[in-house]
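One structure below.
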Amino acid sequence: MHYGAYMADKHKILVVEDNSDCRELLAIVLRRSGYEVAEAATGLAAVEQASATHPDLILMDLGLPGISGDEATARIKADPSTRDIPVIVNTAFNNGTLVERALAVGAAEIMHKPISFEVLREVVGRYLSSDYTFNRSLSCANPQVLRSSDQTTLSASK
Ligand code: MN
Numbered sequence: 001m002h003y004g005a006y007m008a009d010k011h012k013i014l015v016v017e018d019n020s021d022c023r024e025l026l027a028i029v030l031r032r033s034g035y036e037v038a039e040a041a042t043g044l045a046a047v048e049q050a051s052a053t054h055p056d057l058i059l060m061d062l063g064l065p066g067i068s069g070d071e072a073t074a075r076i077k078a079d080p081s082t083r084d085i086p087v088i089v090n091t092a093f094n095n096g097t098l099v100e101r102a103l104a105v106g107a108a109e110i111m112h113k114p115i116s117f118e119v120l121r122e123v124v125g126r127y128l129s130s131d132y133t134f135n136r137s138l139s140c141a142n143p144q145v146l147r148s149s150d151q152t153t154l155s156a157s158k
């Protein structure tokens, strides 16, 4: 494969996470999986970067300083220029209003922390594979909720 073409074809993922250790680890794992990774530590930065750089996928934490991840998701989905970007929520909240709102405003999927690297790669790869077409109505009406039974965790792997 031509190196230049490979670089140009890299999918870009925006990792939104306020815990710097967790964010850096996610970024490392995703970069090693061949993705270009941008990072945001707040919900507002996520909205701004989504608009400015239009990543192919957003990994969204919910508990964030300033506006929370569900609000950031709502703003991204309300903007015609960014609403097509799949938002995958990555959160320690198992239930409750933040998760419900994130799904209601258009998050494609919920991943529950702690997640395994295998689940992370599987989910991200599914959205960024060449034959994947984002279906907003399907994602809103019938979100897939994944729970990892794998005990290999982000926190344990630090
Ligand atoms: Mn957080």
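According to the numbering used here, the residues represented by the sequence shown are 1 to 158, in order. All residues carry an ideal CB built from backbone N, CA and C; glycine is no exception. Every value quoted in this text rests on a predicted model; they were computed, and no experiment measured them.
Quiz item: Between N90 and D61, is the Cβ-Cβ spacing less than 8 Å?
Solution: yes
Open item on the list: Mapping the DSSP letters down to three states, classify F134 as helix, strand or coil.
Closed with: Confidence is the limiting factor: at F134 the pLDDT is only 47, short of 50, which leaves the residue's position unreliable, though a coordinate-based value still follows. In this structure, F134 counts as coil in the three-state DSSP scheme.
When the Cα of P86 is compared with those of D9, A50, S20, which residue comes out closest? A50
Collapsed DSSP secondary structure at L30 in the structure displayed: helix
Problem set entry | Per DSSP, the bridge partner or partners of H112 | T91
Chain-order list of residues whose beta-carbon lies under 6 Å from that of S33 (same chain, five-residue window excluded): R121
Just mark G96 as buried or exposed, buried being the case when its beta carbon has 16 or more other beta carbons within 10 Å. exposed
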